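Student: In our numbering, the protein residues as written are -11 to 217.
Backbone N, C-alpha and C fix where the C-beta goes; we use that ideal spot for every residue, glycine too.
Computed from a prediction, not measured in an experiment: that's the story for all the values here.
Shown below is the structure under consideration.
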């Protein structure tokens, strides 16, 4: 695989980064890096925003979904996929499944935003309301995968999904090779891990700092790491 920075993107862990890049390039547009005047002035240096909200499903999650579903075998594609989500991942899986012609079931907790729930249905996926917690919905998705043979598309704990999210980093490297610092929202870690992985061997390797940022009231990953989990 070649990216616009003129060198092969390394993939030492074998996540399928090259295949993910090709899938994302086939199905999705590049999103712009927008130089933000107010943030640049406050930081006294150029600050850019990677505008993933311009993806058709409204978030970066569609990259991982496209990469994972593009890697399905013909038998797996015919069998279908299952996912658990509170919104964005489910919509991304449903969008990719609709375009690639595979059945999809998305398990969601009862409290999920009705707008996001209907958006998932709007792409042709079956939505199953399961319990009142994410853990209950996740357990049901796992059960369905085991009992039906559907492929479980995890929102972050899947190498192919992480490789799909890593394409954000590859696009950053195309436009801003050698960026000093990249700040990434942190929840399950798929986006942050993917971007760090993509940038580790790029032209800014050794100089680019990737900082994962959690909201104060949603710092699950940080608390898990602090607890040694």
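1) Since residue 152 and residue 39 should fall inside the 8 Å C-beta cutoff, what is the C-beta to C-beta distance between them, to a whole number of angstroms?
2) Rounded to the nearest angstrom, what separates residue 163 and residue 23 at their Cα positions?
3) With the cut-off set at 8 Å, would you say residue 74 and residue 97 are in Cβ contact?
4) The beta strand (DSSP E) spanning residue 173 covers which residue range?
5) Taking the beta strand (DSSP E) that residue 114 belongs to, which residues open and close that run?
6) Give me the Cα-Cα distance between residue 5 and residue 182, rounded to the nearest whole angstrom.
7) Tell me whether residue 149 sits in a helix, a strand or coil according to DSSP, three-state version.
8) Going by DSSP, what residues sit across from residue 21 in a beta bridge?
9) Between which residues of its own chain and residue 120 is the CB-CB distance below 8 Å, once the five residues before and five after are set aside?
10) Can you list, in chain order, the residues of its chain whose CB lies under 7 Å from that of residue 137, leaving out five sequence neighbours each side?
11) Decide yes or no for the touch test of the region 69 to 88 against the region 44 to 61: beta carbon pairs closer than 8 Å, at least 3 of them.
12) Nearest-angstrom Cα distance between residue 188 and residue 178?
13) For residue 196, which residues of its own chain have a beta-carbon under 8 Å away from its beta-carbon, when the five flanking residues on both sides are left out?
14) Quick check on residue 128: buried or exposed, where buried means 16 or more other Cβ atoms within 10 Å of its Cβ?
15) Helix, strand or coil: how does DSSP classify residue 132 here?
16) For residue 134, count neighbouring C-beta atoms within 10 Å of its own C-beta (all shown protein chains included) and say buried if the count is 16 or more, exposed if not.
17) How big is the Cα-Cα spacing for residue 52 and residue 70?
18) Which of the three DSSP states, helix, strand or coil, is assigned to residue 203?
19) Taking the CB atoms as reference points, tell me whether residue 155 and residue 8 lie closer together than 8 Å.
20) Whose C-beta lies closer than 7 Å to the C-beta of residue -8 among residues of the same chain, with five residues either side of it excluded?
21) Roughly how many angstroms lie between the CA atoms of residue 55 and residue 180, to the nearest whole one?
22) How should residue 206 be labelled, buried or exposed, when 16 other C-beta atoms within 10 angstroms of its C-beta is the threshold for buried?
23) Which residues in the same chain as residue 159 place their Cβ atom closer than 6 Å to its Cβ, once the five residues preceding and following it in sequence are excluded?
24) What runs of the beta strand (DSSP E), each 3 residues or longer, lie entirely inside the region 80 to 124?
Tutor: Considering the structure as presented:
1) Translated into positions along the chain shown, residue 152 becomes position 164. Translated into positions along the chain shown, residue 39 becomes position 51. Contact doesn't hold; Cβ gap of about 18 Å is too wide.
2) Looking up residue 163 in the chain shown gives position 175. Looking up residue 23 in the chain shown gives position 35. Looking at the two C-alpha atoms, the distance is approximately 12 Å.
3) As a first step, residue 74 must be located in the chain shown, where it is residue number 86. As a first step, residue 97 must be located in the chain shown, where it is residue number 109. Yes, they are a contact pair.
4) Taking the first residue of the chain shown as position 1, residue 173 is located at position 185. Per DSSP, residue 173 belongs to the beta strand (DSSP E) from 169 to 173.
5) The residue you call residue 114 lines up with position 126 of the chain shown. Residues 114 to 117.
6) Taking the chain shown and counting its residues from 1, one reaches residue 5 at position 17. Taking the chain shown and counting its residues from 1, one reaches residue 182 at position 194. Looking at the two C-alpha atoms, the distance is approximately 9 Å.
7) Walking along the chain shown from the start, residue 149 turns up at place 161. In this structure, residue 149 counts as helix in the three-state DSSP scheme.
8) The residue given as residue 21 occupies position 33 in the chain shown. Paired residue(s): 38.
9) Taking the chain shown and counting its residues from 1, one reaches residue 120 at position 132. These residues qualify, in order along the chain: 97, 98, 99.
10) Along the chain shown, read from residue 1 onward, the residue named residue 137 stands at position 149. Counting only Cβ-Cβ distances below 7 Å, and skipping sequence neighbours, we find 67.
11) yes
12) Counting from 1 along the chain shown, the entry for residue 188 is found at position 200. Counting from 1 along the chain shown, the entry for residue 178 is found at position 190. The alpha-carbon atoms of residue 188 and residue 178 are separated by roughly 15 Å.
13) Against the chain shown, residue 196 aligns to sequence position 208. Once the five neighbours on either side are set aside, the close Cβ partners of residue 196 are 166, 167, 168, 169, 170, 187, 190.
14) Translated into the one-based positions of the chain shown, residue 128 becomes position 140. Buried, since its Cβ has 16 or more Cβ neighbours within 10 Å.
15) Counted from its first residue, the chain shown places residue 132 at position 144. Helix.
16) Residue 134 sits at position 146 when you count from the first residue of the chain shown. Its Cβ having fewer than 16 others within 10 Å, residue 134 is exposed.
17) One-based indexing of the chain shown puts residue 52 at position 64. One-based indexing of the chain shown puts residue 70 at position 82. Residue 52 and residue 70: Cα-Cα distance of roughly 14 Å.
18) Taking the first residue of the chain shown as position 1, residue 203 is located at position 215. The answer is coil: DSSP assigns residue 203 none of H, G, I, E or B.
19) Walking along the chain shown from the start, residue 155 turns up at place 167. Walking along the chain shown from the start, residue 8 turns up at place 20. Yes; because the gap between Cβ atoms is below 8 Å, this pair is in contact.
20) Taking the first residue of the chain shown as position 1, residue -8 is located at position 4. Because residue -8 carries a pLDDT of 47, less than 50, the predicted location of this residue cannot be relied on, and the following value inherits that uncertainty. Excluding sequence neighbours, residue -8 sits near 162.
21) To locate residue 55, count along the chain shown from 1; it is residue 67. To locate residue 180, count along the chain shown from 1; it is residue 192. Their backbone Cα atoms lie some 16 Å apart in a straight line.
22) Counting from one through the chain shown, the residue named residue 206 turns up at place 218. Classification of residue 206: exposed, given that the 10 Å Cβ count is below 16.
23) As a working mapping, residue 159 is identified with position 171 in the chain shown. Once the five neighbours on either side are set aside, the close Cβ partners of residue 159 are 18.
24) 92 to 96, 114 to 117
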